[in-house]
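In our numbering, the protein residues as written are 1 to 296. Here's the structure, in structure tokens; my notes come after.
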Ligand SMILES: Nc1ncnc2c1ncn2[C@@H]1O[C@H](COP(=O)(O)OP(=O)(O)O)[C@@H](O)[C@H]1O
Ligand SMILES: [Mg+2]
């Protein structure tokens, strides 16, 4: 599916709007901090989600400044940047998770294909099935492994018969790379699993309601290197069928799993480019400073 028409109707494509290199200075100072241009390729011809002119405030404090970004269909976009730069805040906008924070005010346009996710007609429950989220700490429900995965399918009425539900549970656990490890213990509590297994269980729970987009906020930060490698492999497999936006504090992880990388700095989206370019030959001085470890 090609959404370029819709995309063009809200903002020109990057190729039309911004030359390869930034017109603006590479240094953001107090004086020029409100007017800035994201450098690189923030837009996609095959956008699954399109965000335009996104600003986010917590009470009076602004956390995100005029961000424009597309996430392409079946693309993995990594969001990186120093702690507190707004990665989680931006990610939470994509399935209206910020609605749950009273002080948080979000402006701008968010399209899921051609649907405005903030439209009054858009109910957040089905939205969060279409745009699922995996959190930093694995958070299985205090239920069995089976019921963790079946939970959403039951709520959304995706299975009429027990055998249909069994199928959804098995398929989701298989896609999450957990089936072989748990098929003989489906009635044991989800919390009896190791951390890495719990995170894959949470991924299975997300997959069970047939999402189109999966948001991941530092999904490996509580995991050991082996469990992390397993999730990274999984992200690669999942990207064949799902669109993925992942926040990570690990540059190696961004380099390993993503197609494009978005670099945030103090609430601004500084640069978006092909991941390899971001880590080898970034367009923006701030990106370069970050990837070479000058601040973190
Ligand atoms: N619930 C909240 N209430 C008030 N301020 C918040 C809240 N969540 C985040 N912030 C602030 O918004 C900014 C961006 O935070 P966050 O999105 O968590 O950054 P990151 O995920 O990049 O570390 C920070 O200054 C942070 O203190
Ligand atoms: Mg965060």
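Beta carbons: idealized from backbone N, C-alpha and C, even for Gly. All values reported here derive from a predicted model rather than from experimental measurement.
In the three-state DSSP reduction, residue 60 falls in the coil class, being neither helix nor strand. Look at residue 85: its beta carbon is less than 7 Å from one of the heavy atoms in ligand 1. Residue range 162-175 is occupied by the alpha helix (DSSP H) that includes residue 166. Checking the 7 Å criterion, the Cβ of residue 221 is out of range of every heavy atom belonging to ligand 2.
Using a cutoff of 7 Å, the CB of residue 190 does not count as near ligand 1, since none of the ligand's heavy atoms is closer than that. Listed in chain order, the non-local C-beta contacts of residue 55 below 7 Å within the same chain comprise 62, 64, 65, 66, 107 and 108, local neighbours out to five positions each way being set aside.
Counting along the chain, residue 110 sits inside no alpha helix (DSSP H); it lies in the beta strand (DSSP E) bounded by residues 104-112.
Looking at the DSSP output, residue 36 bridges to nothing. Linking residue 53 to residue 144 through their CA atoms gives a straight-line distance of about 43 Å.
Between residue 263 and residue 81 a beta carbon distance of about 6 Å is seen, short of the 8 Å cut, so the two are scored as contacting. Less than 8 Å separates the beta-carbon of residue 42 from that of residue 70. In the structure shown, residue 50 falls within a strand segment according to DSSP collapsed to helix, strand and coil.
Contact between the stretch 153-166 and the stretch 213-229 is absent: fewer than three C-beta pairs spanning the two stretches fall below 8 Å. Straight through space, the alpha carbons of residue 294 and residue 151 are spaced by roughly 45 Å. By the neighbour-count criterion, in which a residue is buried when 16 or more other Cβ atoms sit within 10 angstroms of its Cβ, residue 86 is buried. Take the alpha-carbon of residue 130 and the one of residue 289: they are about 36 Å apart.
Ligand 1 never approaches residue 254 closely enough for any of its heavy atoms to be under 7 Å from the residue's Cβ.
Exposure of residue 183 is indicated by the presence of fewer than 16 other C-beta atoms within 10 angstroms of its C-beta. Under DSSP, residue 84 forms no beta bridge with any residue. Short note on residue 210: C-beta not closer than 7 Å to any heavy atom of ligand 2. Proximity of the beta carbon of residue 206 to ligand 1 is not indicated: no heavy atom of the ligand is located closer than 7 Å.
If you check the CB distance, residue 205 and residue 149 come in under 8 Å. DSSP, reduced to helix, strand and coil, places residue 122 outside both helices and strands of the structure shown, so it counts as coil. Counting along the chain, the unbroken alpha helix (DSSP H) around residue 277 starts and ends at 275-280.
Inclusion of residue 247 and residue 79 in the CB contact set at 8 Å is warranted, their separation being smaller than that value. In the three-state DSSP reduction, residue 209 falls in the coil class, being neither helix nor strand. Judged by DSSP secondary structure, residue 230 falls within the alpha helix (DSSP H) whose first and last residues are 225-238.
DSSP places residue 65 in the strand class (E or B) of the three-state scheme.
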